[in-house]
Structure formats: structure tokens, C-alpha cells
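Which chain is which? The protein sequence lines are A and B, in order. Each residue of the first sequence is one higher than the one before, counting from 1252 in the working numbering. Each residue of the second sequence is one higher than the one before, counting from 54 in the working numbering. Let me begin by presenting the structure, written as C-alpha cells, before commenting on it.
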Amino acid sequence: MHVDDDDAIRAITLVALEHVGGFTLQSCSSGKEALQCIEAFAPQMILLDVMMPELDGPTTLDLLKQETDLGKVLVVFMTAKVQEQEIARYRALGACDVIIKPFDPMTLSERLHRIWIQHND
Amino acid sequence: MTSNSETLQQEMAALRLQYHENLSGEISELLHHSTLPELENLEQRVLTQLRDTAHRLAGSALTFGYEQIGLALRALEGTLDNTLAGQMRSAERIRKALEQVHNSAMALDLPAAPGQHNGVEAVTEDDGAARRPEDLHLYVLEDDPSTSDMLKLGLSSFGYRVTTFVDINLLTAAALADHPDGLIIDTEYSSFSDQNLAAAANARKRHGFDSYSGGQRELRLPGKTARCTPRRRRLFEQTHQHSRAGIEPRRRNAAPDALALSRAAD
Chain A
1252 MHVDDDDAIR AITLVALEHV GGFTLQSCSS GKEALQCIEA FAPQMILLDV MMPELDGPTT
1312 LDLLKQETDL GKVLVVFMTA KVQEQEIARY RALGACDVII KPFDPMTLSE RLHRIWIQHN
1372 D
Chain B
54 MTSNSETLQQ EMAALRLQYH ENLSGEISEL LHHSTLPELE NLEQRVLTQL RDTAHRLAGS
114 ALTFGYEQIG LALRALEGTL DNTLAGQMRS AERIRKALEQ VHNSAMALDL PAAPGQHNGV
174 EAVTEDDGAA RRPEDLHLYV LEDDPSTSDM LKLGLSSFGY RVTTFVDINL LTAAALADHP
234 DGLIIDTEYS SFSDQNLAAA ANARKRHGFD SYSGGQRELR LPGKTARCTP RRRRLFEQTH
294 QHSRAGIEPR RRNAAPDALA LSRAAD
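Here you go:
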């Protein structure tokens, strides 16, 4: 599941992950939409933009945890904030990794595959 | 290259083209704030909206490879962040950051948003906006297959009917028979010669096509105006120096236009 408020980023991520990586993607334009879709889609991994209007990434993650059991679901934050304390904060919130924006669409799926393998071995 | 990766490249190219088209409108909306007299006293809510927009656009611009404007937007975001955090309150700094975004947008030669040039200037002329893209048939002359495919895919995604040609003689013959609504011509087309330039110039003259009239050259499409950059104009002048005598001045709103497209620039 990918959650990002930017239409262009969602579009390019969809191409990058479905066509390049072979993932099945549920694309959500807001934290609210993610909350509505989470049960039905039952993602194995959530790619969550940090800065979004209304519900930001961390708040969305918090609400998702209340809504469903995210026990085995990998959560990856995407952010332009690259300071160490920010990244440490996202990890403390439950993110298994953080992808720095801007990202390379051509290598995004490879990066997620690596994260998946790293946390499922 | 496999067909899958070709398809992927085409999809990416189409997305990039679409992003390029949309960016102008997004930037002009953002820059609208720079003209607000109340910039000195913007409410927290407006500043937050501005910051969020700058953040979103910076992220997407950098992801799509627009480094200069992406960095300018990032700087604007930082300025607004500092303002919101109460570390400084300087309308002048915000204005300067917005100006930097404006300058980067100008350097990008973005296609104009509806009713605007390069996202910053208003257009007052009637550009035939009532015509829908699907009503327009465009001819593309491009001898590089991947660029040609990308153009066809990108323009078709906006609804235009597109026919591509690799041979200027075929394009000229078809244009004389079918009267397309617009020509898109690669100024670095490898087979340009005096002879076929003369044929193209003759076709333009006969049908009122005018791809360069000595002034500001524009492609008129519904709701959009592409403007010739100085670099493209120079290229076009160099390419057409032998045939310009045969081109009549542009007749506004009267004829199909042609866009001189520099492969290197795109």
C-alpha cells in the first residue's frame, strides 16, 4: 500500500512498483483513504509519505495501528527530512526503514525488495 | 531493449510529459501568493498551505528530474518552515524565495497553464480554447523512433490525434491532403535539406502554416500555449535560414501552427 497526497508521485510509484517490481499496489491519496482500504487490501508492506495535509504519515500510522493488527506488516516512511533525529523518530514510531525523497523510480522496487528480504529472513 | 522495458520507458516518458504540462499550473498557483499585498501579514493557515504546496511540489519536481526548480521550491519550503516556527518573519525573504521559484520556472520553459504563459503571465488573446484535444489532429516529424513514440504516447494521453512521420516529404504530402491542425517538427531532424525545407515552407505558405514569424512564435492548442525558447528559436532560425523568405507573417487565429521541437531540449 502506498499513501501519498501527490498525484504525480502516486502515478510514478504505481508504474515503478507494479511494472518494474511486480508488486500489487493499492494507492491511497490520504491517510483517511488508507484507513478505509487497509482491511480489504491487507497489505504486507506500507509505503507512507511523512508530510501530508490533515493526517500526516506518523498520525496515519498511529491510526492504522488502532484500526488493524500491523504486526507483520512492514512500514516504510518516505520523507525529504534526512536529519538523523528525524529518521530515528520514524523508526521509533514503527517504521522498519526510511526512503529519502526524491527517490529514483527505476530503483524503488529493488530497494523495497531488499527491505522485504532483510526483514523476512 | 525488451518490449517490456520499452513500454516502461514510454510510460515513464508519458508521466514525465504529463507532469511537465501540469507543473506550470501548480507553480502559477503558488506564485499567485507573491503578488498578494498582504504577504507581509499572511495568516498561519495560509503560510501552512503555502509550505505544504512547496513541499509537495519540491518532492515531485526532484523525483521527476527537475532539479533547479525542485531546489528552489525546497528553499521556499525551508523559508516558510522557519517563518512558521517563529524563527523569522520576513515577507521579503518569502518574496525572494518565491521569485527564485519564478525564475526557475521561466528557465524551464514550462508550457503555459490555461490562460497563462509559463505560469506567470496572463494571455489575453483568444487561443481557440473551445476546441477539444480530440478535435485536433497533429502531425509529428521526428526521425528518432523513441522520441517519436514518446511524443505520440504523450500527446495521445491528452486526447490529441497524432500521426508521426519520419520523412518530411511524406509529411508534406499528407499535410497538403489532410490539413492537420498542427505540425510538430524536430529542428534537429537529420534529413533536413534545402529542397525539403523549401517544400515544407511552400506547404506552410499555401495553407497558412507559419512556424516562425520573426516575433514570438506560439503553438495554439486548447487551453495551452507553448512558447518558443530563445534557444529553440535560434535553432529554428539556423535551420530555416534558406527558406524564411518564403514564409508569410503569421496570421493570428487563422491557421494551423507548427511547433519547432528541439530534441536536445526535450
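Each residue gets a CB set at the ideal place from its N, CA and C atoms; glycine is no exception.
- For residue 1292 of chain A, the uninterrupted alpha helix (DSSP H) run begins and ends at 1282 to 1292, by DSSP.
- A buried status is given to residue 1256 of chain A, since no fewer than 16 other beta-carbon atoms sit within 10 Å of its beta-carbon.
- Along the segment 1266 to 1292 of chain A, the positions whose C-beta sits under 9 Å from a C-beta of chain B are 1266, 1267, 1270 and 1271, read in chain order.
- The alpha carbon of residue 195 of chain B has as its nearest neighbour, out of B:133, B:216, B:212 and B:132, the alpha carbon of B:216.
- Sequence-distant partners of residue 1296 of chain A (beyond 5 residues in either direction) whose C-beta falls short of 6 Å from its own C-beta, in its chain, are 1325.
- Per DSSP, residue 192 of chain B lies in no alpha helix (DSSP H) segment; the continuous beta strand (DSSP E) that holds it begins and ends at 190 to 194.
- With a cutoff of 8 Å on beta-carbon distance, residue 1347 of chain A and residue 1364 of chain A are scored as not near each other.
- Between the C-alpha atoms of residue 200 of chain B and residue 117 of chain B there is a straight-line separation of about 18 Å.
- DSSP, reduced to helix, strand and coil, places residue 1254 of chain A within a strand of the structure shown.
- For the pair of segments examined, the segment 79 to 86 of chain B was found not to touch the segment 1306 to 1324 of chain A: the number of CB pairs separated by less than 8 Å stays below three.
- For residue 1330 of chain A, the enclosing beta strand (DSSP E) starts and ends at 1325 to 1330.
- With its beta carbon at least 8 Å from every one in chain B, residue 1309 of chain A lies outside the interface.
- Straight through space, the alpha carbons of residue 144 of chain B and residue 114 of chain B are spaced by roughly 25 Å.
- Contact annotation for residue 72 of chain B against chain A: 1259 [CB-CB distance below 7 Å, chain order].
- At a cut-off of 8 Å between C-beta atoms, residue 185 of chain B does not count as an interface residue with respect to chain A.
- For residue 1363 of chain A, the uninterrupted alpha helix (DSSP H) run begins and ends at 1356 to 1371, by DSSP.
- A distance below 8 Å between beta-carbons, with the five flanking residues on each side excluded, links residue 1269 of chain A to the following residues of its chain, in chain order: 1275 and 1276.
- By the criterion of at least three beta-carbon pairs nearer than 8 Å, the segment 100 to 113 of chain B is in contact with the segment 127 to 134 of chain B.
- When DSSP reads this structure, residue 1279 of chain A sits in a beta bridge with A:1254.
- Annotation: residue 153 of chain B to residue 97 of chain B spans about 22 Å, alpha carbon to alpha carbon.
- Apart from sequence neighbours up to five positions away, the residues of its chain that approach residue 1366 of chain A with a beta-carbon distance below 7 Å are 1325, 1327, 1347 and 1348, ordered along the chain.
- Under the three-state reduction of DSSP, residue 1321 of chain A is assigned to coil, being neither helix nor strand.
- The three-state secondary structure of residue 220 of chain B, taken from DSSP, is coil.
- The shortest CA-to-CA distance from residue 1341 of chain A to any of A:1273, A:1300 and A:1317 is the one to A:1300.
- Below the 9 Å Cβ cutoff, chain B contributes 108, 111, 112, 115, 127 and 130 as neighbours of residue 1331 of chain A, in chain order.
- Just so you know, the alpha carbons of residue 225 of chain B and residue 239 of chain B end up roughly 14 Å apart.
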